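Quick notes on the structure that follows.
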Amino acid sequence: MSRLKETAAVYETRPLPEGKITFEEFLAWCDEDTWAEWVDGEVVVLTPAARKHQRIYKFLLFLLEVFVSKHSLGEVLSAPFLVRLPESLRRGREPDILYVSNEKLHLLKETYMDGSPDLIVEITSPESLARDRGEKYVEYEAAGVKEYWLIDPDRRQAEFYRLAEEGRYRTIHPDEKGIYCSEAIPGFWLQVSWLWQDPLPSAIDCLKELGLI
């Protein structure tokens, strides 16, 4: 059974296209409220996120947006916003969070990015874990995404991958204090344990630690 048929039962509010469609047809079909991806001509609908996924997502998005804006480094975007990977991959993915440096802002269109962002963050769910760690890892690596963060709220596990000179991802571990320093976003660091606190720490307090306020 194709992915199109597998997802049809869970997407009742907007009829799915029949058969394979082009990326341009996919753009015409979806709207700003549609959470779906384009995979080799087929529509893959994304399932709703759990509360802990949403909390971590909003927390990270806020920190990244403020940091990038403060330092005029580029733009931070979030789902639903498509990333059209290189033509050879035939993929239109919808990352949870993406960062685009000033050098790549010209790749941003009205409803999608036509190329690879500098950083992609995926916050996994039980439904998406295999896809995020498998298919998307391979695709983002092949597309030249400089950094890929894979955040797993259920396992309280964060994986950070960085593109090496040979074009392959290498796992970058936080330091002995549990701090991960981004290379794609110069100067940005993250205390990984923040992500697992319940409730999450005050984003304002975290911004103070980052030296932003």
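Everything in the sequence shown is counted per UniProt numbering, starting at 1 for the first residue and increasing by one.
Idealized CB from N, CA, C, for every residue including glycine.
Predicted model only: the values in this text are computed from it and were never measured.
Quiz item: Taking Cβ to Cβ, would you say residue 191 is nearer than 8 Å to residue 204?
Solution: no
What's the C-alpha gap between residue 83 and residue 197? Between residue 83 and residue 197, the alpha-carbon positions lie close to 31 Å from each other.
Checklist line | 6 Å Cβ shell around residue 77 - same chain, five flanking residues per side excluded | finding: 98
Residue from 60, 125, 208, 20 whose Cα sits closest to the Cα of residue 119:
Nearest of 60, 125, 208, 20 to residue 119, Cα basis: 60.
*In or out: residue 53 buried (at least 16 other Cβ within 10 Å) or exposed?*
buried
- Message: I need the boundaries of the alpha helix (DSSP H) containing residue 29, first residue and last residue.
- Response: 23-29
Other residues of its chain near residue 221: CB distance less than 8 Å, five sequence neighbours each side excluded: Here the chain has residues from 1 to 213 only, and residue 221 is not among them.
> Which word fits residue 44, buried or exposed, when buried means at least 16 other C-beta atoms lie within 10 angstroms of its C-beta?
Replying inline: By the 16-neighbour rule on beta-carbons within 10 angstroms, residue 44 is buried.
Practice prompt. Could you check what DSSP says for residue 88 in three-state terms: helix, strand or coil?
Written response: helix
Exercise. With DSSP run on the structure shown, which of helix, strand or coil describes residue 156?
Worked result: coil
Worksheet entry | Given 8 Å, three or more beta-carbon pairs between the region 125-142 and the region 100-114 | no
I'd like to check one pair, residue 38 with residue 23: are the Cβ atoms closer than 8 Å? yes
Taking the C-alpha atoms as reference points, what is the distance between residue 46 and residue 16?
Their Cα atoms are separated by approximately 13 Å.
**Message:** Nearest by alpha-carbon distance to residue 66: which of 193, 200, 195, 187 is it?
**Reply:** 187
In terms of residues, what are the limits of the beta strand (DSSP E) holding residue 131?
First-last for residue 131: 129-133, but that is the alpha helix (DSSP H), not the beta strand (DSSP E).
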